[in-house]
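Participant:
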Amino acid sequence: MALDGELLVLGIEHYLRQQALVYRATDLAERAWVDGSASWPDVAAVLAEAIMTTQTAAASGAQDYVGAALAAQGVDAAFDAEVSAEVFGGLVDSTLSLLDTLILAPLSVRGRALDAGLSLAEAQRRAQLTVVTLTSTAVADAGRQAEGVAGVTSPRTRGYVRMLVPPTCARCAVLAGRVYGRRAAFRRHPRCDCRHIPAAESAPDLTTSPRRYFDALSKPDQDRVFTSAGAQAIRDGADIGQVVNARTGAYGLAGAGARITPDEAAALREGRAVGRLRPVAVDGREVYVTTEGTTVRGLAGQRLAAEGLARLLGDRYRRATTPRLMPESIYELAEDRADALRLLRRFGYLL
């Protein structure tokens, strides 16, 4: 069965319930941060308790959701064990406890912003955004983690399919409909709102397409989500995964899968509100390049291998010595569309 009808409705309804919990928690978080005064540890302690309660609520419906999703695929979940929602209260993606993370992270963000010469108002804004992001991600993760555990407790699941919730970013769009094994971790970025759709062993075609999402966007939205050059490359036939993943190793941008805080992202962008590629000099010309996909295991690396390979310090595999151009530079250098297609194929964007 396809990812539509009853199964899709179940996924959306579950998402809306989860998102209501996220909104409730982030509203508390936004109002909790005032100025980071000496009272912040006490305020953070109260907020942490509220977050833990909300995390437990987010996890509590996981097994019912997985059971209903499997039933929509004609399968009885037959769970082997019961998921304990309480254990998800307090979980956070950090080596620190939820409370310590809430106390230290925004203060650290504010301090670094002030050290960088930013205004007090901007430093406070970034600290508040950090609190909100931590809260949002912690609550959403509790629900997702519980869904993953619930899936493992049913012998009838083979894993899950990633469901996008538009509007979404290019990083998530390229993962749309991908089927993951039941033990695979759910990859997400801060404030990501993608969800699991449990997949039964008897539903091998439970998929959706990243290209369908791309085609459903208007041209301005395609350019906004995938960048102008990236979107044009996709419209010209480039593989959407190659285009998006190329930006993981692009100079001047953070890794697509990196779990970074807002202030760290701003630091990587050198204080800019929006990320921007940085050109590098190649043969005396300023171009945009990426290291993504340039090892012998990557499509671009295989196509550029004849021009030379080398193993760089710390690399496990040999890598193409020819820099892999980003779509931005391909369109700038191409003499015409035919030449652009040739370069897109050469650098591994066309399959």
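Residue numbers (the working numbering): 603 to 953.
All residues carry an ideal CB built from backbone N, CA and C; glycine is no exception.
#1: If contacts are defined as beta-carbon pairs under 8 Å, then F690 and A744 qualify, I think. What distance do you get, rounded to the angstrom?
#2: Should I614 go down as buried or exposed, given a rule of 16 or more other Cβ atoms within 10 Å for buried?
#3: Would you call D841 buried or exposed, if buried means 16 or more other Cβ atoms sit within 10 Å of its Cβ?
#4: Thinking C-alpha only, which one of P643, G663, S641 and W635 is nearest Q621?
#5: According to DSSP, is A840 part of a helix, a strand, or is it coil?
#6: DSSP three-state call for V827: helix, strand or coil?
#7: Taking the alpha-carbon of L943 as reference, which of V677, V611 and Q834 has the nearest alpha-carbon?
#8: Can you list, in chain order, the residues of its chain with a C-beta nearer than 7 Å to that of D825? Leave out the 5 residues immediately preceding and following it.
#9: Taking the alpha carbon of R948 as the point to measure from, which residue in L906, E684 and L701 has its own alpha carbon closest?
#10: Is E888 helix, strand or coil by DSSP?
#11: Do you know whose CA, among G895, G886, G950 and V734, lies nearest R633's CA?
#12: In chain order, what residues of the same chain lie with their CB nearer than 7 Å to the CB of R920, ignoring the 5 residues before and after it?
#13: Within 10 angstroms of the Cβ of S639, are there 16 or more other Cβ atoms? Answer buried if so, exposed if not.
#14: Label V882 either buried or exposed according to how many other C-beta atoms from any shown protein chain fall within 10 Å of its C-beta, with 16 as the threshold for buried.
#15: Taking the C-alpha atoms as reference points, what is the distance between T924 and L901?
#16: Name the two residues that bound the continuous alpha helix (DSSP H) containing V645.
#17: If you draw a straight line from the C-alpha of A746 to the C-alpha of G950, how long is it?
#18: Helix or strand or just coil, what does DSSP make of V611?
#19: Reducing DSSP to helix, strand and coil, say where T923 ends up.
#20: In angstroms, rounded to a whole number, what distance separates the CA positions of T892 and V648?
#21: Output the boundary residues of the alpha helix (DSSP H) element that contains G713.
#22: By a C-beta neighbour count over all protein chains shown, 10 Å radius and 16 as the cutoff for buried, is E909 buried or exposed?
#23: Under DSSP, the alpha helix (DSSP H) around R813 begins and ends at which residues?
#24: Would you tell me roughly how many angstroms separate the C-alpha atoms of E930 and C774, rounded to the nearest one?
Facilitator: The relevant details are as follows:
#1: 4 Å
#2: exposed
#3: buried
#4: G663
#5: coil
#6: helix
#7: Q834
#8: A833
#9: L906
#10: strand
#11: V734
#12: T897, V898, L911, A912 and R913
#13: exposed
#14: exposed
#15: 13 Å
#16: W642 to S662
#17: A small fix is needed here, since residue 746 is Arg in this sequence, not Ala. So the alpha carbons of these two residues sit roughly 34 Å apart.
#18: helix
#19: coil
#20: 45 Å
#21: L700 to D717
#22: exposed
#23: P812 to A818
#24: 21 Å
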